[in-house]
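Taking it in order: structure first as structure tokens, then the write-up.
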Amino acid sequence: AGGGGVDGASLPGELRRFTALAPLGSPSSLGAKEVGLSLEELARRLEVDLTVGSRGRGGYFVTGDLSPELFRDDCAFVDPTNDVRSLSRYRNALRILFDPAESEVRLVRPLEVDDSSRTIRGTVRSWGVLQLPWRPRVPSYETAITYQIDRDGLIKSQTQKWSISASEALSETFTPGALASPFSDLVRPEDEPPEVTELFEIINGHRPDSFSQDMRFRISRLIDAVAEARYPWRRELLPGKWALVYLQPGPEGGGIDRRVPFPEFWFNRNYQIFREDSVTNVGELLGPLLEVRVSGSLREEDPSGLGTPKRFIAGINGGQLCAGGEDSTPCAPLPIRGEGLFDGVYIGKRLRIGQNLNGGGARVVQVRVA
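First residue of the sequence shown: 67, per the numbering used here; consecutive thereafter.
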């Protein structure tokens, strides 16, 4: 994020008109500078600014709470959508862009110093809500940052590379809430394993097909690590509504076993609603305006154990084609019957991993939503 001109060539034409930011004022000086700092001390200060802010208001990518004394007033801030050469304008842009109360920045790995090139590099993960009237949510994305340091020890440029494309970031920004990617706002439980936390932060708020190949490799490694840990099954956590945010194909490329074929529009979402002894699969056809619901009984193959993977048997006893996403909306019956098998690989308070045995072994990763 930044303030200034947008590289329109990299954006779909219909999005270009939305990219102008509010007036940010003329470039101005932000006070005295702190010169002569070592690169190591500068990196330490930047880590604080990136994660909690110079005054504790939150990471500066979503609050603007940076230390102006560390940057030149004509510092260049370059990201996939903007190139601005003014510290004051950049800080003003950050202050009006995100809602600090609903946005966050995490340091993925410590900043690294390269004395020979006088650079500091690192990676952060950000997500949040933009301060626009329709309150769009920006899903988590990673930013590779390079700071270039001048001879006085001040930052003369900050360059960002994102794990998502500029067009993807902007398209999510202008997607109506009813079609937005599933997002869980549950906070991290104290007993959540670290690999589960990392997986949750990467995939939450995304669509299953929105990840780059490099990111898919990382996600697959995390899924495998969780599966290999064989955490105990906590059956009391299963009831609720779970949204699909990632699909890991099976050994032979198998996906989800669909009893009814329907269009794969990019905005469609898929849910499972679990109760103690039943499950309902919900697949959108035209967003929330039209959806297929498939319901059935649910039981554990071996109720006596809590080891994982936990085998489940679903007795599919009917389907419906429904107009609208409410329980009271009109529905037409669909002749769907059969038996479904799946394994519970992991269950937590806000993330679930399952393996579809009917569909060639694909693993689904879901987040709990309201």
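From the three backbone atoms N, C-alpha and C, an ideal C-beta is built for every residue, glycine too.
If you look at A98, you'll find it isn't in any alpha helix (DSSP H); DSSP assigns it neither H nor E. Within a 10 Å sphere around the beta-carbon of R217 sit fewer than 16 other beta-carbons, which makes this residue exposed.
In terms of CA proximity to E367, G410 leads the group A398, G410, N347.
Membership of F164 in any alpha helix (DSSP H) is not indicated, and neither H nor E is assigned to it by DSSP. In the same chain as L103, and ignoring 5 residues on each side of it, the C-beta atoms closer than 7 Å to its own belong to G219, in chain order. Proximity to E100 across N422, F137, L352, L173 peaks at F137, based on C-alpha coordinates. Rounded to the nearest whole angstrom, the CA to CA distance from L196 to L303 is 31 Å. Cβ contact annotation for D343 (same chain, cutoff 8 Å, sequence separation greater than five): S363, L364, R365, in chain order. Taken through DSSP and simplified to helix, strand or coil, Y126 comes out as helix. In this structure, the straight-line span from the alpha carbon of G130 to that of R172 is close to 15 Å. In the three-state scheme derived from DSSP, where H, G and I count as helix and E and B as strand, V345 is classed as strand.
Taken atom to atom, the span from the alpha-carbon of R403 to that of R359 is near 13 Å. Taking a C-beta distance under 8 Å as the contact criterion, I215 and T185 qualify as a contact pair. A direct Cα-Cα distance of roughly 40 Å separates N336 from V150. For E168, same chain residues with a beta-carbon under 7 Å away, outside a window of 5 residues either side, are G194, V195 in chain order. Beta-carbon to beta-carbon, R429 and I413 are separated by about 13 Å, too far to satisfy the 8 Å threshold.
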